[in-house]
Structures are given as C-alpha cells and as structure tokens.
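Taking it in order: structure first as structure tokens, then the write-up.
Numbering (the UniProt record's numbering), first residue to last: 1 to 217.
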C-alpha cells in the first residue's frame with residue numbers, strides 16, 4: 001500500500017498549529033480566493049483535516065483525455081483523482097494544461113530554492129487559482145507527490161457542507177472547493193524536491209475558484 005507509515009503535519013501559516021498522525025510529513029497551503037477579490041485569503045490552516053495515514057493511490061481507470069497521452073503516471077493519477085471527485089458531483093472533467101503545469105513547476109522550484117512555503121502573489125498568476133502541499137519522507141522517496149497532494153486536498157470534502165465561500169477563513173475546505181469549482185476547466189500540477197526527501201507540490205487552476213459569496217457546485 002502506498003504511503004504507509006506516513007507522518008502528516010498540517011501547518012497554519014497564521015500561527016502555531018500542528019497535527020501529527022503517524023511517517024511523509026505534510027504541510028498544506030492553498031485554495032486561495034479567486035481573482036474577483038482584491039486580496040488573497042490565507043487558507044493554509046486545516047484543523048481536523050489530517051489525511052488517512054495510509055493512502056491507496058492507483059492508476060487504474062485513468063481519465064481518457066487525448067491531451068493527457070504524454071503525462072507521467074503521477075500526473076495521470078492526479079488528474080484522475082480530480083475528475084473522479086468532480087464526476088461524483090456531476091461536474092465536467094478538468095483538462096490538463098501544459099502551460100499551467102509549467103507555471104506550477106516554476107513556483108514549486110522557487111519554493112524549493114528558497115526553502116519556503118507560501119502562495120505566489122495573485123498578480124504573478126492572473127486568472128489562476130493555486131493549491132500547495134509539502135510532504136517530507138527522509139527515509140524513502142515519494143513516488144507520487146502529485147497524487148499524494150491531490151488526495152490530501154480531496155480529503156477536505158468531509159469538512160465542506162455546501163455553503164458559499166465566506167469572506168473570512170475557509171481553510172478547512174479551501175483546497176477541495178478549488179478542485180470542485182464548477183467554472184474551472186483546466187489544471188496543471190508539478191512538484192520539486194530538494195533531494196533530501198522534501199517535496200513541494202503546486203497545482204494551478206484556470207479559471208480560478210473560491211469566489212467569495214459563491215458555491216463551488
């Protein structure tokens with residue numbers, strides 16, 4: 001089973017708040033409010049949103065998408081997980097966008113180089129939403145960081161009750177609602193690693209979701 005014996009921590013950038021479960025270490029930041037709002041909402045805290053320490057990440061039933069023919073197995077599985085969740089709510093599938101993936105890769109590399117964990121500025125990614133995750137597994141490489149991050153984001157579904165996005169904190173479900181945003185059509189995901197077991201995963205979405213006052217579906 002993938003990702004067994006996983007120690008997972010969730011970071012609140014706005015203050016101390018760590019949640020440990022069993023060994024990679026996870027920090028998450030994402031689900032920023034869309035560009036219709038004049039500021040980014042910090043949605044990096046995820047109390048009570050600790051993913052199951054044992055993830056089943058499979059590559060069966062991959063999304064049939066001509067544009068995905070050249071994707072890696074990790075990219076394919078991350079896209080499949082996105083679209084399986086969306087299909088469950090009757091939402092159209094997202095398509096893989098190479099430009100979004102390149103933008104995600106550039107920001108993941110920047111985070112790795114600076115050894116930091118924060119959102120890119122809204123001005124640097126017009127018309128793009130962003131989800132972030134950080135995982136560490138010093139003793140064993142993570143083979144599927146994109147699928148791992150995606151599954152962690154989707155695990156927030158249990159904390160979402162169908163409400164409109166508020167103008168205040170919606171950190172317990174912000175990644176999930178970005179994935180499920182009804183008007184989002186494209187996604188690109190990438191990761192960077194420092195070679196010491198830490199992985200920065202970035203997903204970019206277009207058009208962005210999490211618009212204040214609106215519901216994802």
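By construction, the Cβ of each residue, glycine as well, lies at the ideal position given by its N, Cα and C atoms.
Tell me whether the beta-carbon of residue i lies closer than 8 Å to the beta-carbon of residue j.
{"i": "residue 176", "j": "residue 192", "result": "no"}
{"i": "residue 200", "j": "residue 112", "result": "yes"}
{"i": "residue 202", "j": "residue 94", "result": "no"}
{"i": "residue 130", "j": "residue 114", "result": "no"}
{"i": "residue 306", "j": "residue 198", "result": "No answer is possible for residue 306: the residues shown for the chain start at 1 and end at 217."}
{"i": "residue 85", "j": "residue 189", "result": "no"}
{"i": "residue 212", "j": "residue 142", "result": "no"}
{"i": "residue 225", "j": "residue 100", "result": "With the chain represented from 1 up to 217, any question about residue 225 goes unanswered, as that position is not in the structure."}
{"i": "residue 185", "j": "residue 82", "result": "no"}
To the nearest angstrom, how far is the alpha carbon of residue i from that of residue j?
{"i": "residue 217", "j": "residue 117", "result": "29 Å"}
{"i": "residue 107", "j": "residue 79", "result": "19 Å"}
{"i": "residue 50", "j": "residue 152", "result": "Per-residue confidence for residue 50 stands at a pLDDT of 29, beneath the threshold of 50, marking its modelled position as unreliable; the derived number appears in the next sentence. Those two C-alpha atoms are separated by around 8 Å."}
{"i": "residue 207", "j": "residue 127", "result": "6 Å"}
{"i": "residue 144", "j": "residue 155", "result": "17 Å"}
{"i": "residue 110", "j": "residue 167", "result": "29 Å"}
{"i": "residue 147", "j": "residue 209", "result": "20 Å"}
{"i": "residue 162", "j": "residue 132", "result": "23 Å"}
{"i": "residue 170", "j": "residue 179", "result": "14 Å"}
{"i": "residue 204", "j": "residue 87", "result": "20 Å"}
{"i": "residue 124", "j": "residue 102", "result": "14 Å"}
{"i": "residue 74", "j": "residue 136", "result": "17 Å"}
{"i": "residue 172", "j": "residue 215", "result": "15 Å"}
{"i": "residue 138", "j": "residue 195", "result": "9 Å"}
{"i": "residue 160", "j": "residue 77", "result": "23 Å"}
{"i": "residue 70", "j": "residue 98", "result": "11 Å"}
{"i": "residue 174", "j": "residue 122", "result": "16 Å"}
{"i": "residue 89", "j": "residue 96", "result": "20 Å"}
Could you pull the DSSP bridge partners for residue i from this structure?
{"i": "residue 129", "result": "205"}
{"i": "residue 78", "result": "DSSP output for residue 78 lists no bridge partner at all."}
{"i": "residue 190", "result": "202"}
Quick check on the DSSP output: the alpha helix (DSSP H) that includes residue i runs from which residue to which?
{"i": "residue 168", "result": "Note, residue 168: premise wrong, no alpha helix (DSSP H); not H, not E."}
{"i": "residue 231", "result": "Residue 231 cannot be examined here, being either before or after the span of the chain that is shown, 1 to 217."}
{"i": "residue 214", "result": "Neither: residue 214 is in no alpha helix (DSSP H) and is coded neither H nor E."}
{"i": "residue 147", "result": "145-154"}
Quick check on the DSSP output: the beta strand (DSSP E) that includes residue i runs from which residue to which?
{"i": "residue 184", "result": "Taken as a continuous stretch (DSSP letters only), residue 184 belongs to no beta strand (DSSP E), as it is neither H nor E."}
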